[in-house]
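In mature numbering (1 follows the signal peptide of the UniProt record, and there is no 0), the protein residues as written are 1 to 705. We treat Cβ as the ideally placed atom computed from N, Cα and C, and that holds for glycine. Quick caveat, the model's predicted, so the values are computed rather than measured.
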Ligand code: BDP
């Protein structure tokens with residue numbers, strides 16, 4: 001077992017009683033039409049049911065006892081005869097119904113949808129229910145996606161190095177495309193995504209290479225799009241804003257220049273000749289050195305609208321990122337809001353502004369970006385990060401489900417209490433034309449796709465949440481564990497605890513209580529809270545923690561940058577006062593004395609040390625738990641995770657000791673009683689910033705701090 005199959009393992013049902021029920025209820029499949037998508041559904045069901053029941057699966061033409069009948073009312077007369085129309089009408093293009101029925105006196109299972117891809121999603125869902133040992137009488141269900149665009153983002157360069165990837169080279173083997181599009185990895189990649197209902201993929205880095213729009217690469221991208229199409233996955237490209245200059249020697253890329261507009265219109269037309277159902281563009285503009293409309297004295301809406309106009313005739317969309325900041329700005333937190341809010345209502349209907357969950361950058365914990373709940377007249381997408389750029393790369397276990405649900409459940413108060421980001425994305429709050437959820441994922445040519453086996457769980461969580469924003473991280477974690485490892489409750493129960501604490505542990509041993517961005521420059525792996533010099537102040541750790549002898553934290557209240565004014569009043573009021581600010585984001589908003597009294601009765605300094613100690617203890621706990629479930633896990637994955645937890649414990653201690661030594665050097669305070677002294681002096685940790693081996697996984701130059 002090497003992890004290649006992810007959660008699509010289709011193991012024989014371990015509960016023998018249930019297995020014999022499944023064996024009776026799932027004996028064969030009745031395939032309706034033979035569209036490419038229905039063929040895929042048939043193949044998946046046949047493979048899945050064979051694995052789960054341990055018996056051969058027949059393929060009769062008409063239903064018999066134990067048939068799985070699937071299709072749309074158009075493609076399958078049997079489905080049509082079941083009269084599921086009322087249910088189907090409410091489910092849109094992509095939703096599905098799973099029904100248990102008698103057909104001519106024989107019990108069957110029906111998977112019905114309005115489209116072939118809906119049928120495929122329903123097929124994967126049935127297999128998910130069976131893989132997680134759902135009793136037969138609980139299989140009937142119906143479901144439709146909450147969010148329209150459910151998109152994964154790859155940060156893959158054309159030279160196959162993946163920015164912040166940590167799982168080998170890019171999956172896209174450009175050198176062998178388009179000839180070798182049958183590479184099984186491409187299909188399996190599409191299956192993995194389709195099993196979650198993901199319906200789009202941006203295949204290249206937001207720090208885009210203009211060459212992606214040349215015929216040479218479009219031909220290759222088209223081959224990938226051909227593979228993804230029957231899985232319901234649209235292909236998108238990240239483009240460089242000044243492509244007309246780079247590719248065709250234009251002197252300007254001014255979005256209001258008719259020649260530039262024409263260039264894009266012609267290029268887009270070309271793209272659609274290669275890829276008739278092309279999804280659209282993702283753009284990082286005027287951010288971290290990337291070109292953008294501001295280079296030509298235009299704004300984000302001018303830039304996005306120009307591209308949107310070119311895509312519109314073909315039904316394409318523009319994901320325009322709100323991840324912008326510049327060193328001149330006093331507080332990086334404020335920037336995206338300050339730049340985008342004045343443009344609310346100015347973007348075309350096929351533009352979607354893609355916003356990271358937090359105002360800064362995928363930190364272990366951030367308050368939500370105030371653009372959520374504020375951009376009322378602009379389509380939005382939430383951008384999350386599965387790849388563990390800030391969570392120990394592919395070496396640390398850090399299930400991101402809790403972070404994702406924390407973002408989705410955050411209350412913006414845009415329309416009073418309960419206006420959560422999840423509801424906004426589900427389109428229940430504002431009159432948006434489109435919404436989306438995107439995740440930066442890390443798969444590479446590592447055999448198990450993500451390198452650390454548990455990074456798979458965050459990919460899984462992202463997909464499930466984009467489909468249903470109301471799922472809980474623990475329910476998703478449980479589903480994932482059952483399918484990926486074992487249904488045994490002696491395994492599930494302790495492992496659920498690991499899943500639940502792993503993200504919080506990562507916060508605790510790195511930057512608790514609302515500290516943020518204490519990373520070493522560039523690689524984002526180890527700590528360097530002492531960092532106070534760089535070409536840009538916002539690329540130092542000091543900028544973020546502001547620790548001095550008298551206190552620590554970034555004042556974002558009225559007496560500081562006043563970033564809190566960007567939230568709706570309820571939150572502005574709450575964050576004005578340290579006593580009403582949640583402690584886990586306290587230092588995001590307040591600069592407080594080291595002796596500030598925390599809820600626990602400890603001083604801020606004592607609490608900080610306590611959190612660091614807790615983080616280390618949590619990793620020790622994770623290690624113990626993992627060792628206790630050895631018998632339920634195959635040897636290969638067991639050994640790998642065990643070894644990685646050793647690395648994680650080493651790093652957690654390193655983070656703790658480095659940060660505590662540094663902050664102690666600033667405040668001169670003794671450690672609280674019982675808290676172990678750092679193993680080395682501060683100079684040691686400073687040296688380690690350069691010496692602790694971490695691979696430098698990207699090339700060319702990193703684009704950010
Ligand atoms: C930062 C990464 C950088 C990305 C940037 C982005 O460090 O590599 O290019 O985000 O999202 O987190 O554009």
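- For the set 47, 151, 92, the Cα lying nearest the Cα of residue 465 is the one of 151.
- A straight line joining the alpha-carbon of residue 636 with that of residue 9 spans about 15 Å.
- Under DSSP, residue 235 takes part in a beta bridge, and its partners are 201.
- Straight-line measurement puts the Cα of residue 429 at about 47 Å from the Cα of residue 666.
- In the DSSP assignment, residue 352 falls within the beta strand (DSSP E) that extends over 351-356.
- For residue 149, the uninterrupted beta strand (DSSP E) run begins and ends at 149-154, by DSSP.
- Around residue 412, the same chain offers 372, 373, 419 as residues with beta carbons nearer than 6 Å, after the five sequence neighbours per side are excluded.
- With respect to residue 415, residue 379 sits apart: the two C-beta atoms are not nearer than 7 Å.
- At a cut-off of 6 Å, the beta-carbon of residue 156 does not count as near the ligand BDP: no heavy atom of the ligand is closer than that.
- Uninterrupted alpha helix (DSSP H) stretches at least 4 residues long and entirely within the segment 67-106 occur at 77-81, 85-89, given in chain order.
- Within its own chain, the residues whose Cβ lies closer than 7 Å to the Cβ of residue 678, once the five positions on either side in sequence are excluded, are 657, 660, 661, listed in chain order.
- Of the candidates 100, 159, 108, 158, the residue whose Cα lies closest to the Cα of residue 139 is 100.
- Within 10 angstroms of the beta-carbon of residue 182 lie fewer than 16 other beta-carbons, which makes it exposed.
- For residue 136, the closest alpha carbon among the candidates 110, 153, 159 is that of 110.
- Within the DSSP secondary-structure output, residue 142 pairs in a beta bridge with 97.
- Note on residue 197: 16 or more other CB atoms within 10 angstroms of its CB, so buried under the neighbour-count rule.
- Judged by DSSP secondary structure, residue 385 falls outside any alpha helix (DSSP H) and instead within the beta strand (DSSP E) spanning 380-385.
- In this structure the segment 618-625 touches the segment 496-507; the number of beta carbon pairs closer than 8 Å is three or more.
- Rounded to whole angstroms, the gap between the alpha carbons of residue 222 and residue 600 is 58 Å.
- Close CB contacts of residue 148 within its chain, under the 6 Å cut and outside five residues either way in sequence, are with 434, 435 (chain order).
- Comparing alpha-carbon positions, the option among 553, 487, 648 lying closest to residue 631 turns out to be 487.
- Annotated three-state conformation of residue 441 is strand, per DSSP.
- Note on geometry: alpha-carbon atoms of residue 258 and residue 536 lie some 36 Å from one another.
- DSSP places residue 318 in no alpha helix (DSSP H) but in the uninterrupted beta strand (DSSP E) bounded by 317-321.
- Look at residue 259: its beta carbon is at least 6 Å from all of the heavy atoms in the ligand BDP.
- Looking from the CA of residue 82, the closest CA among 69, 385, 91 belongs to 69.
- Here the alpha carbons of residue 272 and residue 311 stand approximately 9 Å from one another.
- Shown here for residue 224: same chain residues with a beta carbon closer than 8 Å to its own, the five before and five after excluded, namely 172, 177, 181, 186, 203, 235 in chain order.
- If you draw a 10 Å sphere on the C-beta of residue 207, you find 16 or more other C-beta atoms in it, and that means buried.
- Shown here for residue 169: same chain residues with a beta carbon closer than 6 Å to its own, the five before and five after excluded, namely 160, 444, 445 in chain order.
- It is roughly 19 Å from the alpha-carbon of residue 384 to the alpha-carbon of residue 340.
- Using a Cβ-Cβ distance cut-off of 8 Å, the segment 231-250 and the segment 276-293 are in contact, since at least three pairs of beta carbons, one from each stretch, lie closer than that value.
- The Cβ atoms of residue 228 and residue 190 sit closer than 7 Å to each other.
- Between residue 390 and residue 362, the beta carbon gap of about 6 Å places them in contact (Cβ cut-off 8 Å).
- Rounded to the nearest whole angstrom, the C-alpha separation of residue 687 and residue 493 is 41 Å.
- Taking residue 511 as reference, the option from 613, 634, 449, 352 with the minimal CA-CA separation is 613.
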